[in-house]
Amino acid sequence: MTEVVKKSARGEYGLTLADLGKTNENIVVIDCDLSGSTMTKYFREKFPERHFNVGIAEQDAVTTAVGLSTTGKIPFVSTFAVFASGRAWEQIRNGVCYPNFNVKIVATHCGITVGEDGASHQALEDVAIMRAIPNITVIAPADATEVREVITWAAEYKGPVYVRVSRANLPVIFKEGEYKFNPKKAVVMKEGKDVTVVTNGETTCEVVEAAKMLEAEGISVEVVHAPVVKPLDTETIVNSAKKTNRVITVENHSIIGGLGGAVCEALSENYPVKVSRIGINDQFGQTGTASELMEYYGLSAKKLAEKIKGLVK
Amino acid sequence: MLKVLSDEEIKEIQSITKKLRANIVRMIHNAQSGHPGGSLSAIDILAVLYTKVMKQFPDWDKNPDFENRDRFVLSKGHASAAIYSILAHCGYFPEEDLLEYRKFGTKLQGHPCCTKLKGIEVSTGSLGQGLSIACGMALGLRLSKKDNYVYTLMGDGELQEGSVWEAAMNAAHYKLNHLIAVVDRNRLQIDGNTEDVMAVGDVAAKFAAFGWNTLEIDGHNIEAIYEAFEKAKESQDKPTVIVANTIKGKGVSFMENQAGWHGKAPNDEQLAQALEELK
Chain A
1 MTEVVKKSAR GEYGLTLADL GKTNENIVVI DCDLSGSTMT KYFREKFPER
51 HFNVGIAEQD AVTTAVGLST TGKIPFVSTF AVFASGRAWE QIRNGVCYPN
101 FNVKIVATHC GITVGEDGAS HQALEDVAIM RAIPNITVIA PADATEVREV
151 ITWAAEYKGP VYVRVSRANL PVIFKEGEYK FNPKKAVVMK EGKDVTVVTN
201 GETTCEVVEA AKMLEAEGIS VEVVHAPVVK PLDTETIVNS AKKTNRVITV
251 ENHSIIGGLG GAVCEALSEN YPVKVSRIGI NDQFGQTGTA SELMEYYGLS
301 AKKLAEKIKG LVK
Chain B
1001 MLKVLSDEEI KEIQSITKKL RANIVRMIHN AQSGHPGGSL SAIDILAVLY
1051 TKVMKQFPDW DKNPDFENRD RFVLSKGHAS AAIYSILAHC GYFPEEDLLE
1101 YRKFGTKLQG HPCCTKLKGI EVSTGSLGQG LSIACGMALG LRLSKKDNYV
1151 YTLMGDGELQ EGSVWEAAMN AAHYKLNHLI AVVDRNRLQI DGNTEDVMAV
1201 GDVAAKFAAF GWNTLEIDGH NIEAIYEAFE KAKESQDKPT VIVANTIKGK
1251 GVSFMENQAG WHGKAPNDEQ LAQALEELK
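Heads up: the sequence lines are chains A and B, in that order. Going letter by letter, the first sequence gives residues 1 to 313 in this note's numbering. Going letter by letter, the second sequence gives residues 1001 to 1279 in this note's numbering.
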C-alpha cells in the first residue's frame, strides 16, 4: 500500500492567493482576525497593502468587500464558515448576491472536523443556507489540489462564489498538474454498478476508501464527486443513477439542505430513484478530535462502508 | 478659503428642492406606497450633494471619465423616492419616468437596485450596510490611487444596527478621509421617536468617540449643508460624519414630525394639499 500524502487545504488556499496576487493586482483579501487560521496570512506577508483585517466583524467584512468590488477589485473574504455564512448571511444575500457583485467568500473550518472547538464553531448548515441564495456558486473541494484549482478559477470567474474549506489536513486525491477543475462537471472517481454515492469536500476521500472496502465484499460502488453543489451537475448524477438505480449522498454537513438535498431535488425531478442521505443527522456536533468525530458521526471510510453495505442490502 | 454658495445658487437649489419634494409626493401617491417622511427630510442634503458637491456623470458608464466619478451610497434605501427624484432632475433618466415608481417591471424599484438603474452604485434597502460598502469603496479607490470622494447617507434609526459601528471602526482605523457620511437626524422611525424606541443619543459624540471628524448642521439649510461638505473634504486623516438635524416630512405641513408618515402614501386630497404647499 502506498503511503497517504496529506496536505493542508486551508494552507493551500493561502498559498494560492499569494501566488495569484503576483499576477493579478486586483485581488484583495478581507479577514476577520483569523488570518493565521484561514491562512490568508500568506497573502498578507506578500501584499500587506491589499490585505484588510477588519477585526472580529464579519458583517463589515462582507459589505466592505462589496464596496471594494465596485471599484474593480476582486475581494476574497475569509473567516470560519459558521460566521461567514451565518453571521453575514444577510450581507451576502442583499449586499453581494442581489446586485451580483464579484465577491468571493472562502470559509474555512467547515463541518464536524473543526474538532476540539466544538459545536459553536462547526458549520453544518452553511451549504444549505448559501445555496438558497440566487446568483451564488457554492463549492466544496475535496483536497488541497482541488482547493488551488477552485480558487484560481474563482479569481477569474465574475460573480459571487462561496467555497468551504476544511480545517483538517486532507489526503491528496487529485494529482497536482493533472487535475483540472471544471465548474460544470462532477467527477466520477470510480465506476460501479450497484450503487451511486455522491459526495464532496472532505468526505470524498473517505467514500473512495469505503468503495474499495466494499469492492472486496462484492458491492460495486460508483463514486461521484460533486464539488459544485450549486449549480449542480445534474446530468452526471442522473446518468449514474440510471446505471445503478440506487443513490446515497455523503457529506460533512447536515443532511438537510446540503449536497443531499440538492441531489434529491435533481433526481426527484429528472429520474426518481431512492436516495439515502448520510451526513450529520439534524443535530449539533461536539468536542473531539477530527478523526474521533468522523468516526462517531459515521463519516469515516470504515463507518461509511458499513452504512452503505446496510443500505444496499 | 472654503468655497461658499452665492445667494443666487442658494435660491436656485431652494426652488429645485420644491420641485423634488412635489415629485416625491406625486410618486408615492401614484404608487400608493413608499416612504415620504424620510425622503422629504433627506432631499435638501441630496440636492446640494448632487447639484453642487459630487463629481457625477448622468450619462453614467457611457462617459469616458466614468471611473473618476465620486461615489454615493443611499444607505437609507427606503428614501428611494428622494434619490430617484434627484437623479431624474440631474438627467440620469427622464423625469416623466418617475411615475413608474414601484410599478411592476420598473427600473425604479421599491428600494434602489443597481442592476436595474444606472446612477445607483449599489443596491440598498437593508439598513446598516451602506457605511461598510462606502468603506470598501474608499479603500478600493485609495488602492487605485484615485482621489475621489465617497458619500453615504444614513438614517438615524439605522444607527441602531450594530453593523454601522463595525463600519465606523473600520473607517477610522483605515483613516478614510475621503469618506463622508451624513446622518439624516430626523428623530423618528416607524414605531415612533428614536429616543423612545432605542435611544440613538448624541450621534456626533458617538462618532467622535470612534475617531471620526464630526460636524452638526441644520439639514434643511442649503448654505450650511454645502459648507459642511466643503469642510469635510478638508479632512486629512479621518472620515467625517455630518449630523444633519432634519424634520421628517419637511415641506408638507401635515407630514412634518409625524412618525405615521414614515411609510404611508397620501390620498388624492392630501396630494392636492401637499402640492399646494409646495408651489
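We put the beta carbon where it would ideally sit given N, CA and C, even for glycine.
Span separating the alpha-carbon of residue i from that of residue j
{"i": "E45 (chain A)", "j": "T23 (chain A)", "result": "16 Å"}
{"i": "K190 (chain A)", "j": "L124 (chain A)", "result": "27 Å"}
{"i": "S1123 (chain B)", "j": "V1073 (chain B)", "result": "9 Å"}
{"i": "G1263 (chain B)", "j": "D1191 (chain B)", "result": "11 Å"}
{"i": "A1079 (chain B)", "j": "I1120 (chain B)", "result": "13 Å"}
{"i": "T329 (chain A)", "j": "Y271 (chain A)", "result": "Lying before the first or after the last residue shown, residue 329 (chain A) is absent from chain A, which here runs from 1 to 313."}
{"i": "E217 (chain A)", "j": "I151 (chain A)", "result": "38 Å"}
{"i": "L1188 (chain B)", "j": "R87 (chain A)", "result": "28 Å"}
{"i": "E1223 (chain B)", "j": "V1243 (chain B)", "result": "15 Å"}
{"i": "S35 (chain A)", "j": "F52 (chain A)", "result": "10 Å"}
{"i": "A962 (chain B)", "j": "R93 (chain A)", "result": "Nothing can be reported for residue 962 (chain B): it is not among the residues displayed for chain B, which extend from 1001 to 1279."}
{"i": "M1 (chain A)", "j": "M213 (chain A)", "result": "Reliability of the predicted coordinates at M1 (chain A) is poor, the pLDDT of 49 falling under 50, and the value obtained from them is presented with this limitation in mind. Taking the straight line from one Cα to the other gives about 14 Å."}
{"i": "T1240 (chain B)", "j": "A1265 (chain B)", "result": "34 Å"}
{"i": "T137 (chain A)", "j": "N100 (chain A)", "result": "11 Å"}
{"i": "S1033 (chain B)", "j": "C1113 (chain B)", "result": "17 Å"}
{"i": "A226 (chain A)", "j": "D60 (chain A)", "result": "32 Å"}
{"i": "E1161 (chain B)", "j": "A1167 (chain B)", "result": "11 Å"}
{"i": "K184 (chain A)", "j": "T236 (chain A)", "result": "10 Å"}
{"i": "Y157 (chain A)", "j": "N102 (chain A)", "result": "8 Å"}
{"i": "S276 (chain A)", "j": "C32 (chain A)", "result": "37 Å"}
{"i": "V1203 (chain B)", "j": "A1228 (chain B)", "result": "16 Å"}
{"i": "Y13 (chain A)", "j": "W89 (chain A)", "result": "22 Å"}
{"i": "T16 (chain A)", "j": "M39 (chain A)", "result": "10 Å"}
{"i": "E178 (chain A)", "j": "I280 (chain A)", "result": "33 Å"}
{"i": "I1219 (chain B)", "j": "I1225 (chain B)", "result": "Sequence check: residue 1219 (chain B) is Gly here, not Ile. Going by the C-alpha atoms only, they are around 6 Å apart."}
Simplified DSSP state of residue i, which is helix, strand or coil
{"i": "T204 (chain A)", "result": "helix"}
{"i": "N1030 (chain B)", "result": "helix"}
{"i": "Q1270 (chain B)", "result": "helix"}
{"i": "V1200 (chain B)", "result": "coil"}
{"i": "E222 (chain A)", "result": "strand"}
{"i": "A1167 (chain B)", "result": "helix"}
{"i": "V1048 (chain B)", "result": "helix"}
{"i": "C1114 (chain B)", "result": "coil"}
{"i": "N252 (chain A)", "result": "strand"}
{"i": "V1004 (chain B)", "result": "coil"}
{"i": "Q59 (chain A)", "result": "helix"}
{"i": "A84 (chain A)", "result": "helix"}
{"i": "M1 (chain A)", "result": "Summary for M1 (chain A): the model assigns pLDDT 49, below 50, so the residue's position carries little reliability; its value from the coordinates is reported in the next sentence. It is coil, neither helix nor strand."}
{"i": "D1097 (chain B)", "result": "helix"}
{"i": "I1190 (chain B)", "result": "coil"}
{"i": "C264 (chain A)", "result": "helix"}
{"i": "V188 (chain A)", "result": "strand"}
{"i": "T236 (chain A)", "result": "helix"}
{"i": "S8 (chain A)", "result": "strand"}
{"i": "E215 (chain A)", "result": "helix"}
{"i": "G1155 (chain B)", "result": "strand"}
{"i": "N100 (chain A)", "result": "coil"}
{"i": "D19 (chain A)", "result": "helix"}
{"i": "P75 (chain A)", "result": "strand"}
Distance CB(residue i)-CB(residue j) smaller than 8 Å
{"i": "V127 (chain A)", "j": "H121 (chain A)", "result": "no"}
{"i": "E116 (chain A)", "j": "A84 (chain A)", "result": "no"}
{"i": "P160 (chain A)", "j": "C97 (chain A)", "result": "yes"}
{"i": "D1196 (chain B)", "j": "M1154 (chain B)", "result": "no"}
{"i": "K230 (chain A)", "j": "A266 (chain A)", "result": "no"}
{"i": "V165 (chain A)", "j": "D143 (chain A)", "result": "no"}
{"i": "T1017 (chain B)", "j": "D1061 (chain B)", "result": "no"}
{"i": "L232 (chain A)", "j": "A9 (chain A)", "result": "no"}
Test: residue i CB closer than 8 Å to a CB of chain C
{"i": "R44 (chain A)", "result": "Reference to chain C is not applicable here, since the protein chains of this structure are A and B."}
Exercise for the section: Determine, using beta-carbon pairs with one atom in the stretch 1174-1185 of chain B and one in the stretch 1123-1138 of chain B, whether at least three such pairs fall under 8 Å. Expected result: yes
Exercise for the section: Report yes or no: do three or more beta-carbon pairs, one from the stretch 297-311 of chain A and one from the stretch 1213-1232 of chain B, lie closer than 8 Å? Expected result: no
Practice task
Say whether the stretch 67-76 of chain A touches the stretch 23-42 of chain A, bearing in mind that this needs 3 or more beta-carbon pairs closer than 8 Å, one atom from each stretch.
Solution key: yes
Problem - the stretch 1002-1010 of chain B / the stretch 296-306 of chain A touching (three or more Cβ pairs under 8 Å) - result: no
Problem - the stretch 1023-1031 of chain B in contact with the stretch 1096-1108 of chain B per 3-pair CB rule at 8 Å - result: yes
Practice task
For the stretch 1088-1122 of chain B, enumerate the residues whose C-beta is nearer than 7 Å to any C-beta of chain A, in chain order.
Solution key: C1114, T1115, E1121 and V1122
Practice task
Name, going along the chain, the residues of the stretch 99-132 of chain A whose beta-carbon falls closer than 9 Å to a beta-carbon of chain B.
Solution key: P99, N100 and F101
Practice task
Closer than 9 Å, Cβ to Cβ, to anything on chain A: give me those residues from the stretch 1168-1202 of chain B, in chain order.
Solution key: M1169, N1170, H1173 and Y1174
Handout entry: contact_flag[the stretch 181-198 of chain A, the stretch 236-254 of chain A] where n(CB pairs < 8 Å) is 3 or more
Key = yes
Exercise for the section: Using a Cβ-Cβ cut-off of less than 7 Å, give me the residues of the stretch 57-68 of chain A that come near chain B, in sequence order. Expected result: A57, Q59, D60, T63, T64, A65, V66, G67 and L68
Handout entry: Members of the stretch 69-91 of chain A near chain B, C-beta cut-off 8 Å
Key = S69, T70, T71, G72, K73, P75, E90 and Q91
Handout entry: Near-chain A residues of the stretch 1129-1140 of chain B - C-beta to any C-beta below 7 Å
Key = Q1129, S1132, I1133, A1134, C1135, G1136, M1137, L1139 and G1140
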